[in-house]
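The structure appears right after this line, and notes come after that.
Residue numbers (our numbering): 510 to 648.
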């Protein structure tokens, strides 16, 4: 079975855009929620892993959403700079807003790590798509 990735992305454009907005809102809520409101679940002891995972997902969502609305390839600079600025902005807001949270350099480091992991996954998906299209055109 041959998959047309671009056609699939174009068909589900609104769902992809909605998922991107939801992902963005979840990250903002999770990172800007007052510290006293955070539940005491075991998973919150892995704050840095959550930062990396969230920014990996958000970077991947950024690439896929960009591709859905602008079919040409997204600039790698956009997939690096936009998530990094988002992460830095969140840390600045944590220092400014009265939410009992403080900015941390390590959060920015793990946001950056997640950004590059998301970029790697996005590039691997593009490579698979290109390989699939190349095989399709050869037959």
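We treat Cβ as the ideally placed atom computed from N, Cα and C, and that holds for glycine.
Take the alpha-carbon of residue 619 and the one of residue 538: they are about 18 Å apart. Residue 623 holds the alpha-carbon nearest to the alpha-carbon of residue 556 among 607, 534, 637 and 623. Its Cα nearest to that of residue 573, the residue 517 stands out among 595, 602, 599 and 517. By the Cβ test, the segment 560-573 is in contact with the segment 629-638, since at least three Cβ pairs between them sit closer than 8 Å. Secondary structure of residue 615 (DSSP, three-state): helix.
Burial state of residue 595 is buried, judged by a 10 Å Cβ sphere holding 16 or more other Cβ atoms. Shown here for residue 591: same chain residues with a beta carbon closer than 7 Å to its own, the five before and five after excluded, namely 571 in chain order. A straight line joining the alpha-carbon of residue 575 with that of residue 582 spans about 8 Å.
The Cβ-Cβ distance between residue 519 and residue 586 does not fall below 8 Å. One alpha carbon belongs to residue 605, the other to residue 614, and they sit about 15 Å apart.
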